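Using numbering that gives the first Met the number 0, you'd call the opening residue of the sequence shown number 0 and step up by one each time. A quick write-up on the structure given underneath.
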Amino acid sequence: MDSEDMGLVDDVDRALQRIREEGSVDCLKRFLHEHRYDLGYVEKFYGAFVAKGDGWGGDVYEMFGNYFLQSRSYGSVVGVLAPWLESVKGRYSAEECMRLFGYFNRMYDGMSESTREGVCGRLLEILLDLGWVLGGNGALFESYVVCEKVCEMIALAGKFSSKSMAILYMELLCTFFIESSMLFSYANAINVLVSLDPGSIYGQCSIEDFQTICSYARIKNEGDRHRKLFCKSKLSDLSEVLANVTKRCSGMDVSPDTLVRRRFDFEMWGRYAESVGKRISVGENMDLIAFMKRNDLGFAVEGGVVCVDGFDYKTVEKKVFEIIDEYREKAEATFKPVVERRRIPGARSIAKKEQPVRPRKASRFHDRFTMPYKKMKAYSRYYMKNAGGIEDIWYERRNEEMRRVFEEEEDLLRRRREELRAYVPLVEEMGKSLSRKIEESAKKIEAPAVKAARSTHWRSEVDDGRAYRPPSVHLPRAQRAYVPPPGAFRHSPSEDSGKQDDSNPFRRNRTPRNSSWYAASKDGESEKKSD
């Protein structure tokens, strides 16, 4: 074992010891912050930490998962989900499962499409395993939500990653449908399942039980309300489903402890099927009434008799409004005479026989769920009847107390106003002083700077930077600059243009104009021609 591995083991042991001493995982937050740029070391630390500990809570896995998610290390994120799910299986909690599902959604939404394609198979396995954990513990709604997410991922991918995964998903749907008594959807799920693998009927139901379920499904047929969970598979009618399943699975052995035998209530469904369209007594069939209420089966209570109707699918909103209507209080009926409008006589009047106006009985319903109404009812029904009137014996004392508090507040405000008025002259003087300063600064800014007049010719302009300045008389003689005599740089042409003038030492040595070798040769040629 090298030094790096030894340091890793020491860090893991130190973190475990601090967690035991402090009783929290805050030390892991500090560790991740210190190594936020060292992804490889954090991955090694996570592997060693999870291997040493057993049954860590969701906060530990979520902490490491958020770190890997920010670092875009999606392979490590998948490595966090799997042990997290295993810890949830060991100590089941619906809240912990939904916490894992919420983290899964955040992670999945943050992935790009190319990354999703690479880890789609592994993510589907984790989700299906989570759905089985929820469904096996009776959390049907949470299992349904997980199935919706699986269906969404499959719709984006286009197909299942493997046949075994498709079978596992359809078995999960079968469990959910049979638990919820969605018989038509369960029959179609069995049809898809046996089309993938006819041997999967072994743990579901026998052919005889399936025929019985199909007969009950004709009574309770919810249609294609769960069609999206079938991943674009076509739903068939019950006769076609029964024929396909019988053809594929006829003669196959099934387990004596099938899913249908464990979860489906044949007795209550048989009693309901026999009672459809009949009138039964309430006292002897309370369990049947509860069964019909739970499965949205229609019935009506008239006195002490129950009229059993067929299946009536009800949404959650419809159930809520039915409960509200059931607990509404009917107001007293009021009679209001209906007055006819008098028509304006036109050019042509047709005599009509007047009919007696009958008063209409109008019944109004009021909302009895508001808080003011509840308080008023409690006051009018109970307090006023039992109290026999109210005598306010503290009226005078309460008024005196209110008057005293009011006068104290007025005195406090009056003193405060007097204190503030003392600062008024000082504030006015400071305002005037500030105004004067602002005016003076404005005048200084507005005063234009006087510029020297420019000459009319460019030769007469003097550059201040290059203008000659005589040396100061106060400087020593050794530091004085050389001042050339006047006219030293002025060239005066000599009488002989061919001779050079040595009076000016700064004069360039050049020949007179038109006296070059080319001009001299030209003069020689002209002389020869003249001769």
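Ideal placement from N, C-alpha and C gives every residue a C-beta, glycine not left out. Bear in mind the structure is a predicted one, so any value in this text is a computation, not a measurement.
Alpha carbon of residue i to alpha carbon of residue j, nearest angstrom
i: asparagine 187; j: glutamate 239; result: 10 Å
i: leucine 192; j: isoleucine 200; result: 8 Å
i: glutamate 325; j: arginine 226; result: 32 Å
i: tyrosine 102; j: methionine 375; result: 47 Å
i: threonine 114; j: leucine 123; result: 14 Å
i: valine 87; j: valine 79; result: 13 Å
i: valine 253; j: glutamate 147; result: 30 Å
i: leucine 182; j: cysteine 213; result: 7 Å
i: alanine 156; j: cysteine 230; result: 11 Å
i: methionine 401; j: arginine 415; result: 21 Å
i: phenylalanine 176; j: lysine 162; result: 21 Å
i: lysine 431; j: glutamate 438; result: 11 Å
i: lysine 292; j: methionine 110; result: 44 Å
i: glutamine 354; j: phenylalanine 310; result: 47 Å
i: methionine 429; j: phenylalanine 405; result: 37 Å
i: valine 426; j: leucine 433; result: 11 Å
i: glutamate 94; j: isoleucine 218; result: 36 Å
i: tyrosine 107; j: leucine 228; result: 19 Å
i: arginine 403; j: proline 424; result: 34 Å
i: tyrosine 372; j: lysine 317; result: 25 Å
i: arginine 534; j: valine 145; result: Residue 534 cannot be examined here, being either before or after the span of the chain that is shown, 0 to 530.
i: leucine 419; j: glutamate 409; result: 15 Å
Close beta carbons around residue i, own chain, < 8 Å, minus the five adjacent residues each side
i: aspartate 495; result: In this predicted model, aspartate 495 has a pLDDT of only 49, less than 50, meaning its place in the structure is not dependable enough to derive any value.
i: serine 280; result: Gly303, Val304 and Val305
i: isoleucine 322; result: none
Proximity test, residue i beta-carbon vs the ligand NAP heavy atom, cut-off 7 Å
i: phenylalanine 209; result: In the structure on display, the ligand NAP does not appear, and there are no ligands present to speak of.
Beta-carbon proximity list for residue i, same chain, < 7 Å, skipping 5 on both sides
i: isoleucine 206; result: Thr245, Cys248 and Ser249
i: asparagine 190; result: Ser235, Val240, Asn243 and Val244
i: alanine 165; result: Phe159 and Leu195
i: lysine 277; result: Val307
i: leucine 167; result: Leu127
i: cysteine 119; result: Met152, Ala156 and Ser160
i: leucine 258; result: Cys173, Thr174, Ile177, Gly202, Gln203 and Cys204
i: alanine 138; result: Ala93
i: tyrosine 215; result: Leu182, Trp268 and Ala272
Bounding residues of the alpha helix (DSSP H) (the contiguous stretch that carries residue i)
i: aspartate 128; result: 112-135
i: methionine 169; result: 162-179
i: tyrosine 271; result: 265-274
i: isoleucine 288; result: 285-293
i: leucine 411; result: 394-420
i: tyrosine 102; result: 93-109
i: serine 184; result: 182-195
i: serine 142; result: 139-156
i: valine 259; result: 258-262
Bridge partner(s) assigned by DSSP for residue i
i: leucine 237; result: DSSP, once it has assigned bridges, lists no residue as partnering leucine 237.
i: alanine 299; result: Cys306
i: isoleucine 218; result: In the DSSP output, where bridge partners are listed per residue, isoleucine 218 has none listed.
For residue i, the first and last residue of its enclosing beta strand (DSSP E)
i: isoleucine 279; result: 278-280
Same chain only: Cβ atoms within 6 Å of residue i, ignoring 5 sequence neighbours per side
i: glutamate 283; result: none
i: serine 274; result: Val307
i: leucine 133; result: Cys96, Glu141 and Ser142
i: asparagine 104; result: none
i: aspartate 223; result: Leu234
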